[in-house]
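Working notes, structure below.
Protein chains: 2
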Amino acid sequence: MNTELSNFKHYINNLVSMDDSTFELAKEFLKIERIAKGDDFITQGKVCNKIAFIISGLLKIYYLKDGNHVNTCFCAENSIASSFESFTNQTVSQESIEALEDSTLIVISKSALDKLYQLHSKWQEVGHKMVEKECVRLSARVQTLGFDSALEKYKALIENQPHIIQRVPIQDIASYLGVSRETLSRIRSKIVKH
Amino acid sequence: MNTELSNFKHYINNLVSMDDSTFELAKEFLKIERIAKGDDFITQGKVCNKIAFIISGLLKIYYLKDGNHVNTCFCAENSIASSFESFTNQTVSQESIEALEDSTLIVISKSALDKLYQLHSKWQEVGHKMVEKECVRLSARVQTLGFDSALEKYKALIENQPHIIQRVPIQDIASYLGVSRETLSRIRSKIVKH
DNA sequence: GAAATTTTGTGACAAATGTCAATTGACGCT
DNA sequence: AGCGTCAATTGACATTTGTCACAAAATTTC
Chain A
8 MNTELSNFKH YINNLVSMDD STFELAKEFL KIERIAKGDD FITQGKVCNK
58 IAFIISGLLK IYYLKDGNHV NTCFCAENSI ASSFESFTNQ TVSQESIEAL
108 EDSTLIVISK SALDKLYQLH SKWQEVGHKM VEKECVRLSA RVQTLGFDSA
158 LEKYKALIEN QPHIIQRVPI QDIASYLGVS RETLSRIRSK IVKH
Chain B
8 MNTELSNFKH YINNLVSMDD STFELAKEFL KIERIAKGDD FITQGKVCNK
58 IAFIISGLLK IYYLKDGNHV NTCFCAENSI ASSFESFTNQ TVSQESIEAL
108 EDSTLIVISK SALDKLYQLH SKWQEVGHKM VEKECVRLSA RVQTLGFDSA
158 LEKYKALIEN QPHIIQRVPI QDIASYLGVS RETLSRIRSK IVKH
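Respectively, the protein sequence lines represent chains A and B. Counting in the numbering used here, the first sequence runs without a single skipped number right up to 201 at its last residue. Counting in the numbering used here, the second sequence runs without a single skipped number right up to 201 at its last residue.
So, in structure tokens, the structure goes:
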């Protein structure tokens, strides 16, 4: 548990500076959860009442459109995964979160997080920063998804999350970029030839 | 000033319940700013150090891509306008905000807002909620922009912000939806005939 | 109110991307 | 090695959307 916690601590300290005793407050609320490849962390149709810090592994967030998976996000080690809107508003989640690799997560429940917020305002600040970060990520995504060509979108992905290309099936990447699997395949072969 | 403030108060109370005395704390930090149609509220290349609540009028947020305006958001009365990333991180803004109509704004500076946060944690909560709201908006936008057809995007706009159609030139709407002016024009004529 | 400017609509064509079908390639299983 | 399964590639063609040119309509300016 302790080696796993240190990665989490690093992540937190990157958002706000926090002394050890404040960090310790969180310990009693955290649980380790392991998800096998292919299994759900969050399931569409339920209320999402937990948020995960990813120790190792890789998850995808997706929703269903006309029966197909539409991937909205890949979440890799040292980042956060949750169904954001469902978690904050405690509404039914429109999306599922599934493990693309065997994954180990540090999980905190909504109710535990609310308690933690009460214990120390520093943790509130953490929550605030996390949401801000998510906002910035989404803004960038709006720009590429909405206004860039398929090629530009693929290049942006290589730029921002190069490891994803290696670890995720091409069909999942295509869905994430909002293009067909075939189009992405053609883009790749063009790039390779260069 | 007071009639204008009451709209702002309503907006705040919709995010968190707040008693009058806490609301009053803000008064000394607020300024009224009027922007004529066509003028900038925020200019690309500068650090955005203010955030506006819109009393009346309409603004668009845009950035330049290959010399063209790309509209990322329309902000109408009773909502907030700012260059979010620039404001929170105090970095140079990639986007400008321009008035599409003569507009009246309640403006608070970054430094004033930070002071207000110190005065009462309730105001911090307001800030937190505002960011959360922005996140939810952006998520919805990622879905339509990235994965819906031009027709679906236009229908979604009619659904969510019907007044925009009446008030904004079609070329600005096209840019907002990530389609060409001509394509949007054709979509409209199809819908009318039905 | 006429002229000038801007915005919008429409046709013809081009480019980008999607769809369908068939093929190839990778990988595990026996 | 051979088989089966699934993922990825490729070709042919359809559809969507973009681009360019120009006309019509609306708006602004004088």
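Every residue gets a Cβ at the ideal spot worked out from N, C-alpha and C, and that includes glycine.
Rounded to whole angstroms, what's the CA-CA distance from residue i to residue j? Just pull it up for me.
i, j, result
"residue 153 of chain A", "residue 165 of chain A", "18 Å"
"residue 101 of chain B", "residue 146 of chain A", "11 Å"
"residue 186 of chain A", "residue 180 of chain A", "9 Å"
"residue 159 of chain A", "residue 32 of chain B", "47 Å"
"residue 127 of chain B", "residue 19 of chain B", "14 Å"
"residue 84 of chain A", "residue 68 of chain A", "14 Å"
"residue 177 of chain B", "residue 191 of chain B", "8 Å"
"residue 167 of chain B", "residue 130 of chain A", "34 Å"
"residue 170 of chain A", "residue 82 of chain A", "11 Å"
"residue 93 of chain A", "residue 174 of chain A", "28 Å"
"residue 50 of chain A", "residue 136 of chain B", "25 Å"
"residue 38 of chain B", "residue 88 of chain B", "15 Å"
"residue 119 of chain B", "residue 125 of chain B", "10 Å"
"residue 45 of chain A", "residue 105 of chain A", "6 Å"
"residue 34 of chain B", "residue 28 of chain B", "10 Å"
"residue 26 of chain A", "residue 40 of chain B", "42 Å"
"residue 76 of chain A", "residue 195 of chain A", "21 Å"
"residue 189 of chain B", "residue 172 of chain B", "16 Å"
"residue 74 of chain B", "residue 52 of chain B", "15 Å"
"residue 151 of chain A", "residue 161 of chain A", "9 Å"
"residue 80 of chain A", "residue 198 of chain A", "24 Å"
"residue 163 of chain A", "residue 184 of chain A", "10 Å"
"residue 193 of chain A", "residue 144 of chain B", "33 Å"
"residue 24 of chain B", "residue 17 of chain B", "10 Å"
"residue 140 of chain A", "residue 121 of chain A", "20 Å"
Taking Cβ positions, are residue i and residue j nearer each other than 8 Å?
i, j, result
"residue 43 of chain A", "residue 109 of chain A", "yes"
"residue 78 of chain A", "residue 156 of chain A", "no"
"residue 30 of chain A", "residue 113 of chain A", "no"
"residue 63 of chain A", "residue 10 of chain A", "no"
"residue 138 of chain A", "residue 142 of chain B", "yes"
"residue 4 of chain B", "residue 107 of chain B", "Lying outside 8 to 201, the shown extent of chain B, residue 4 of chain B is not represented and no answer is given."
"residue 133 of chain B", "residue 12 of chain B", "no"
For residue i, does the three-state DSSP call read helix, strand or coil?
i, result
"residue 43 of chain B", "coil"
"residue 38 of chain B", "strand"
"residue 54 of chain A", "strand"
Please determine whether the Cβ atom of residue i lies at a distance below 7 Å from any heavy atom of the ligand HEM.
i, result
"residue 30 of chain A", "The ligand HEM is not among the ligands present in this structure, which contains no ligands whatsoever."
If contacts are defined as beta-carbon pairs under 8 Å, then residue i and residue j qualify, I think. What distance do you get, rounded to the angstrom?
i, j, result
"residue 98 of chain A", "residue 54 of chain A", "7 Å"
"residue 1 of chain A", "residue 57 of chain A", "Look at the range of chain A in this structure, 8 to 201, and you will see that residue 1 of chain A is not part of it."
"residue 123 of chain A", "residue 36 of chain A", "6 Å"
"residue 61 of chain B", "residue 90 of chain B", "Rounded, the Cβ-Cβ distance is 15 Å, inconsistent with contact."
Q: Tell me the start and end of each unbroken alpha helix (DSSP H) in the segment 165-190 of chain A that is at least 4 residues and wholly inside, in chain order.
A: 169-174 and 177-184
Q: Entirely within the segment 56-141 of chain B and at least 3 residues each: give me those beta strand (DSSP E) ranges in chain order.
A: 57-63, 65-72, 75-83, 103-106 and 110-116
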